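Visitor:
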Amino acid sequence: MARPRLLPAIVKSLLGRPSTVQYPYVKTDVEASYRGRHYADLKKCTGCSLCAIECPADAITMTQIPAHFEAPKSNPRRVYPKIDYGRCVFCYRCVTVCPFDAYVTTNFYEMAGPRENTSEQLSFTTLEKVV
Ligand code: SF4
Ligand code: SF4
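Numbers 1 to 131, taken from the UniProt record's numbering, label the letters of the sequence shown in order.
(1) Val-30 to Asn-107, Cα distance in whole Å?
(2) Please report the straight-line C-alpha distance between residue 136 and Phe-124, rounded to a whole angstrom.
(3) Per DSSP, what are the beta-bridge partners of His-68 in this structure?
(4) Thinking C-alpha only, which one of Leu-122, Ile-10 and Cys-98 is nearest Tyr-85?
(5) Would you grab the beta carbon distance between Gly-47 and Arg-17 for me? Rounded to a whole angstrom, and I think it's under 8 Å.
(6) For Arg-37, does the count of other Cβ atoms within 10 angstroms reach 16, so buried, or fall short, so exposed?
(7) Distance check for Cys-91 and Gln-22, CA to CA, integer angstroms please.
(8) Shortest alpha-carbon distance to Glu-116 belongs to which of Val-104, Lys-82 and Leu-7?
(9) Please list the terminal residues of the continuous alpha helix (DSSP H) segment that includes Val-97.
(10) Considering Cα atoms alone, identify which of Val-97, Ala-32 and Ala-40 is closest to Pro-56.
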């Protein structure tokens with residue numbers, strides 16, 4: 001007796017639009033406010049470590065800025081927050097606690113991969129090289 005009641009649902013499912021997309025061949029739309037990959041702008045960061053202290057996932061390591069980059073005078077210890085995206089839970093606590101508004105936020109979400117995935121290279125794009 002259940003079969004006639006199922007029939008409309010089966011027909012609707014066969015003829016309707018699929019509920020899923022063929023990711024990664026088809027990209028998923030995300031909200032502009034989606035919390036995606038973020039990194040520190042090292043021209044603004046003072047190396048205060050507050051974001052690393054506040055991170056609930058222990059995903060931020062304060063790391064030395066390599067000598068071949070010019071660090072701002074406001075960052076005398078020459079350290080910056082390196083985010084391990086594999087540990088990050090994208091709560092954006094680091095973004096909200098930073099007293100210098102140093103974080104650049106994006107809605108980029110494609111971060112899966114076999115290699116270590118950190119904010120290092122993105123943060124280095126914000127600095128000039130020593131000539
Ligand atoms: S978004 Fe949250 S979990 Fe990720 S680095 Fe910032 S504070 Fe840590
Ligand atoms: S809280 Fe802001 S200024 Fe302090 S280390 Fe983190 S990004 Fe840099």
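Think of the CB as a built atom: it goes at the ideal place given N, C-alpha and C, for glycine as much as any other residue. Quick caveat, the model's predicted, so the values are computed rather than measured.
Guide: The short version:
(1) CA-to-CA, the gap between Val-30 and Asn-107 works out to about 7 Å.
(2) The chain is shown from 1 up to 131; residue 136 falls before or after that span and cannot be answered.
(3) Looking at the DSSP assignment, His-68 forms no beta bridge with any residue, so it has no partner.
(4) Cα-wise, what sits closest to Tyr-85 is Leu-122.
(5) Incorrect: roughly 50 Å between the Cβ atoms, too far for contact.
(6) Counting Cβ neighbours within 10 Å, Arg-37 comes out buried, since at least 16 surround it.
(7) Our two residues, Gln-22 and Cys-91, have alpha carbons roughly 28 Å apart in a direct line.
(8) Taking the Cα of Glu-116 as reference, the smallest distance to any Cα among Val-104, Lys-82 and Leu-7 is reached at Lys-82.
(9) For Val-97, the enclosing alpha helix (DSSP H) covers residues 93-97.
(10) By alpha-carbon distance to Pro-56, the top candidate from Val-97, Ala-32 and Ala-40 is Val-97.
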